[in-house]
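Report on one structure; see the data block that follows.
2 protein chains.
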Amino acid sequence: MRILRVDMTRLGVQWEPAPDLYSRLGGRALTSRLLLEECPPGCDPLGPHNRLIFAPGLLGGASVTTAGRLSVGAKSPLTGGVKEANAGGTAGDALGRLGIKAIVIQGQPASRGLQILHVTQDRAELLPAEAWRGLGTCATADRLQAQYGRQCTVICIGQAGELLLGGAGIVCTGEGEQRSNCAARGGLGAVMGSQGLKALVIDPTDSQPARFADPQNFRAAVRRFAQALLDDPKVGPKGGTHRYGTAAITAAVDEMGSLPTRNFGTGSFEGAANLYGERMREVILARGGRIGTRCMPGCVIACRNQYVDESGDPIVGTLQYETIALLGANLGLADLDAVARLNALCNDFGLDTIETGAALGVAIEAGLAQFGDFEGIAGLLRQVGQGTVVGRLIGSGAVAAGRVLGVRRVPASLGQAMPGYDPRSLKGNGVTYATSPMGADHTAGNAFGARKEVDPLGIKGQKELSSRLQIVAAMLDSTGLCLFARPPVISDPQLMLDMINGIYGWGWTTEDLDRFSRNVLRSELEFNRRAGITAADYRIPEYMREEPLAPHGATFDVPDSDLDAVFEGL
Amino acid sequence: MRILRVDMTRLGVQWEPAPDLYSRLGGRALTSRLLLEECPPGCDPLGPHNRLIFAPGLLGGASVTTAGRLSVGAKSPLTGGVKEANAGGTAGDALGRLGIKAIVIQGQPASRGLQILHVTQDRAELLPAEAWRGLGTCATADRLQAQYGRQCTVICIGQAGELLLGGAGIVCTGEGEQRSNCAARGGLGAVMGSQGLKALVIDPTDSQPARFADPQNFRAAVRRFAQALLDDPKVGPKGGTHRYGTAAITAAVDEMGSLPTRNFGTGSFEGAANLYGERMREVILARGGRIGTRCMPGCVIACRNQYVDESGDPIVGTLQYETIALLGANLGLADLDAVARLNALCNDFGLDTIETGAALGVAIEAGLAQFGDFEGIAGLLRQVGQGTVVGRLIGSGAVAAGRVLGVRRVPASLGQAMPGYDPRSLKGNGVTYATSPMGADHTAGNAFGARKEVDPLGIKGQKELSSRLQIVAAMLDSTGLCLFARPPVISDPQLMLDMINGIYGWGWTTEDLDRFSRNVLRSELEFNRRAGITAADYRIPEYMREEPLAPHGATFDVPDSDLDAVFEGL
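Following this line, the structure appears as structure tokens:
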């Protein structure tokens, strides 16, 4: 396995054998550890000392179903701490097949000219790309695939990343024409923009077949894993995840009073039924859109969809729960067409829909538009692509918007906007938002699935739940596995071990895997500590601790001492 | 001595005897200690738990020359830490004469209606003032003095404070028609705005004569102090301070290569001669403006001026060095008329000229205007008063502007913009900017005056110098004394003791006063520590440590270990 190091100051590339230190790391475990080793924690996230790291998970490139996710890591311009965001699509698989453990981008060009990195089995080169400046991610991906072949994965930024906006993500192509795979969170697109890198084109055509330490056991485990997913009542072909995608949970979150509505002003939305996953499916099918598409080949869950307009023309794919919550209910929009159109704009600009939805909610509270007014809201969002000051403010995320517009009610932790679960009525997620080294992030440890075990409105058990979930998330994010594929891995820990040991022959035990997962969090917390992040930063905003949320009248009342103790036993 | 506590939630006022804990504190010592005792360090600076404290210094109200400054303290929305900013004018004297040790504003009204606080010897009341919304500080002060009498001191915010902007200061009236006395830094005006307080009207008419513990010694010391100031070659009537005000140093700062020019891009300015204090004096006198005016009655230094236009009509008074540096050279403007007009806009909006000049420099670097183009720059600044998004961004200060506009070169420490000395070529000030609990602030410990003792370009001696100066600044800020009055107090430590002991009879020794001054810093550093500010935050921006500054090619190379050691012996 090798590392591709790209120096944007000298515009040079270098292949390196992966050092021992990194040899048993992948995905988030690798991006976070590499940051701790190489990135000065106090550095300017948009300066020359940051590192932007693309890494497949440990299972990447081995054709394990759902395991082709790409981890992207850097010091975050939003949180000021470590960041890993991962994306579906074909990037993780392509890098894995090329035997690339990580691509590390470092330095900044003296001039502001853009570059594209083209990577094949034998060669990596930087190509001048100033002409691509200002292109959205859709056109960028389309043209690069037209030029280099549709077998290539394109990883790119849009206008948001070029403008160094805190809400900018990094977008990857997926199976077929799938576009909306985004390593969305934490402003990683701004880091890529600051490095002058418009896109990576990964061509796995001439990759060598993977060699496995124990092919037989590996293949058996992979089959067992795929079958377990197919048999799972939730994620299998008859389950809600396949039928409705992530939007399957919209009704449940609304019913539990945790659906962010009008800038997290209430926890249920009178128009929520129009946003349900069931409704989304009906609309898509009635209009001739697609349900059950995949971001990566071989995925047996196939949670995705292509949302189309009344004429059957595609608007966006895939429409997902977090986007529906943040760009729908949170903006007072009870209309999936409206959400889909805002989503498409975000995708094309290369913007995190969560951060942007939260920023728009804050902007509306400041009077820049009206809740429920699609045209007014879309008018604000379109300005991101135009690069106006208003657009740049929206694209800079919720905290920046709140600061400039004088809005106190900013739903964010550690500088990053909250996803689609109000922490007052799903307190386990509040604990995760507050204590995750990543800032407010549901994928860091989502308590929604455990709502029947731990009372979402109670304090008891939340810190233990969040701690456990965060350790599992660190493991999944390091293997490249989709979060949806969690159930069989949790219920049968041997499954993951058999796959990893089958590939690498490390002979890992459950204890080894547990230690591995905990070490991910340890590295990250240590990076943040060195970056100056303290217990005072790992908090839920003051107003959410004091202003009750309808319909339950709940505040976020998990005591600070519980937050401080989440990682005590790590 | 008493404390006036104003509860903006219930719209009530209460007189309290000053508790023992605060009895020997004044000015900055009192505001900072009160914050440490009463303000939760992790609170939202613009939320209901912050405290806004107005306190005269220990000498306030005793008719000591230059000693009527008003300290204003709160948790800063810019730095996230403790803040004290002080202002000349008549406020400190008025409060001192009324026997008011501090006015503490707390809470926030449920509705957003504005209030005015009217304070006399016997009475304090809140009066509805929604009709005053949107008024600049000049009109606010004029109308309130017309209504309540010209003997009243008005302390107020302008549009910037109402909009909760990070660059908003608090403006006080002074002797006669003096207007531009501003507790400018750290966004304290936004805190006042968040509390719904538009203005305080302080009427000292019926105040009781001060009683002194040792009137004879006190009066002798006061006379000795005034005479020492009159005899001082710098601040006395023939000195540069009286003749040119703070602008006396413009030439010297330019010559030493530390004058912030074009967003701190170089340290000397080809048009600097047009901005010299000598030039300012010539222009003012030739046009029939005024030189040698005072902000407070009885000041023997009289450093101020009234800058007038070609017809002799007043533009602004007083035009000062920091403003000339930040709104002049830093914006590429070699024209005092231009600086004066920008200054007048800032004063009327209630904006810190340092923070705003730095924000404008960042905005120009982002392409929103051109260096040297007065009309373009004024067009941006005027938008603050109009409350546009562009205006709010400029008014939010340099860090917010840099973040939204994608500019890395933001001259700020701990969230607050640097004043008129580039830290690369006046490294003692760099140490102060980095390590002061107040963020980048020259008044926290200005090494300019020691440039002949400690090489401004060298590393050696800077940390000791900054430490010493910061302790002295804490003392001065706690007595209400003007920084200009420093020389006699430094050369004869007994002078301050005689004045304080003369008033209070505490029998303080030099050791007591030294401990008192160090305790101010200790309280502040402790508040910041609890607020989550760490060594990683007490730093100079990365680009200034790496990009050399012309003409000396200097970087800020004082090692982190020196910064971390500044308060080691505190």
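Protein chains in written order, with the working numbering: chain A, 949 to 1518; chain B, 949 to 1518. Where is the CB? At the ideal position from N, CA and C, for every residue including glycine.
Cβ-Cβ separation, residue j to residue i (assumed contact under 8 Å), whole Å
i: Arg-953(A); j: Glu-964(A); result: 6 Å
i: Val-1139(B); j: Leu-1000(B); result: 5 Å
i: Gly-1219(A); j: Ala-1286(A); result: So it is not a contact: roughly 11 Å between Cβ atoms.
i: Arg-1252(A); j: Thr-1241(A); result: 4 Å
i: Arg-1289(B); j: Val-1256(B); result: Wrong, their Cβ atoms sit about 12 Å apart, outside the cutoff.
Buried or exposed (CB count within 10 angstroms, at least 16 for buried), residue i
i: Ile-1180(A); result: Inspection of the sequence shows that residue 1180(A) is occupied by Asp rather than by Ile. It counts as buried.
i: Glu-1490(A); result: buried
i: Thr-1380(A); result: buried
i: Arg-1229(A); result: buried
i: Asp-1261(B); result: exposed
i: Asp-1202(B); result: buried
i: Leu-969(A); result: exposed
i: Ser-1471(B); result: buried
i: Ile-1438(A); result: exposed
i: Gln-1107(A); result: buried
i: Phe-1169(B); result: It is Ala, not Phe, that sits at residue 1169(B) in the sequence shown. Buried is the call here.
i: Leu-983(B); result: buried
i: Lys-1031(A); result: buried
Residue closest to residue i, alpha-carbon to alpha-carbon, out of the options
i: Pro-988(A); options: Thr-1427(A), Glu-1203(A), Gln-1143(A) and Gly-1028(A); result: Gly-1028(A)
i: Gly-1008(A); options: Ala-1502(A), Leu-1316(A), Pro-1499(A) and Leu-1424(A); result: Leu-1424(A)
i: Glu-1516(A); options: Ala-1326(A), Arg-1416(A) and Pro-1004(A); result: Arg-1416(A)
i: Val-1264(B); options: Cys-1294(B), Arg-1167(B) and Arg-1487(B); result: Cys-1294(B)
i: Leu-1233(B); options: Tyr-1192(B), Cys-1243(B) and Ala-1220(B); result: Tyr-1192(B)
i: Val-1514(A); options: Gln-1318(A), Val-1012(A), Ile-1419(A) and Ala-1087(A); result: Ile-1419(A)
i: Gly-1428(A); options: Val-1352(A), Ala-1042(A), Ile-1150(A) and Arg-958(A); result: Ala-1042(A)
i: Leu-1374(A); options: Gly-1354(A), Asn-1034(A), Ile-1407(A) and Ala-1346(A); result: Ile-1407(A)
i: Ala-1003(A); options: Thr-1457(A), Pro-993(A), Thr-1038(A) and Leu-1469(A); result: Thr-1038(A)
i: Glu-1459(A); options: Leu-1279(A), Asp-1070(A) and Met-1444(A); result: Met-1444(A)
i: Ser-1509(A); options: Glu-1123(A), Glu-1412(A), Gly-1240(A) and Gly-1115(A); result: Glu-1412(A)
i: Ile-1051(A); options: Gln-962(A), Asn-1034(A), Lys-1031(A) and Thr-1101(A); result: Gln-962(A)
i: Leu-1062(B); options: Glu-1323(B), Ala-1077(B), Gln-1069(B) and Ile-1053(B); result: Ala-1077(B)
i: Arg-1159(B); options: Phe-1475(B), Ile-1451(B), Arg-972(B) and Ala-1498(B); result: Ile-1451(B)
i: Asn-1165(B); options: Gln-1410(B), Leu-1178(B), Lys-1049(B) and Asp-1446(B); result: Asp-1446(B)
i: Ser-1206(A); options: Asn-1253(A), Ile-1481(A), Gly-1368(A) and Val-1102(A); result: Gly-1368(A)
i: Gly-975(A); options: Cys-1430(A), Glu-1495(A) and Asn-1129(A); result: Cys-1430(A)
i: Ala-1200(B); options: Phe-1396(B), Arg-1071(B), Glu-1401(B) and Asp-1512(B); result: Phe-1396(B)
i: Gly-1480(A); options: Arg-1478(B), Pro-1185(B) and Ala-1483(B); result: Ala-1483(B)
i: His-1519(A); options: Leu-1362(A), Gly-1280(A) and Thr-1214(A); result: As displayed, chain A neither begins before 949 nor continues past 1518, which places residue 1519(A) out of reach and without an answer.
i: Arg-958(A); options: Asp-1070(A), Leu-1074(A) and Gly-1021(A); result: Leu-1074(A)
Beta-carbon gap between residue i and residue j smaller than 8 Å
i: Ala-1421(B); j: Gly-1376(B); result: no
i: Glu-1313(A); j: Asn-1222(A); result: no
i: Asp-1485(A); j: Arg-1493(A); result: no
i: Ile-1488(B); j: Pro-1385(B); result: no
i: Gly-1134(B); j: Ile-1118(B); result: no
i: Gly-1115(B); j: Ser-1426(B); result: no
i: Leu-1092(A); j: Val-1102(A); result: yes
i: Gly-1333(B); j: Gly-1084(B); result: yes
i: Ala-1307(B); j: Ile-1272(B); result: no
i: Cys-1104(B); j: Ala-1147(B); result: yes
i: Leu-1405(A); j: Ala-1277(A); result: no
Same chain, Cβ closer than 6 Å to residue i, neighbours up to 5 away in sequence not counted
i: Gly-1350(B); result: Val-1310 and Val-1358
i: Met-956(A); result: Gly-1055, Gln-1056, Pro-1057, Gln-1143 and Gly-1144
i: Ala-1176(A); result: Pro-1436
i: Cys-1130(B); result: Ala-1035, Gly-1117 and Val-1119
Residues near residue i in its chain [Cβ-Cβ closer than 7 Å; skip 5 each side]
i: Ala-1196(B); result: Gly-1188, Thr-1189 and Gly-1225
i: Gly-1246(A); result: Ser-1011 and Thr-1013
i: Arg-1172(B); result: Leu-1443
i: Val-1347(B); result: Val-1358, Ala-1360 and Gly-1363
Residues near residue i by beta carbon distance below 8 Å, same chain, minus five either side
i: Arg-1060(B); result: Gly-1144
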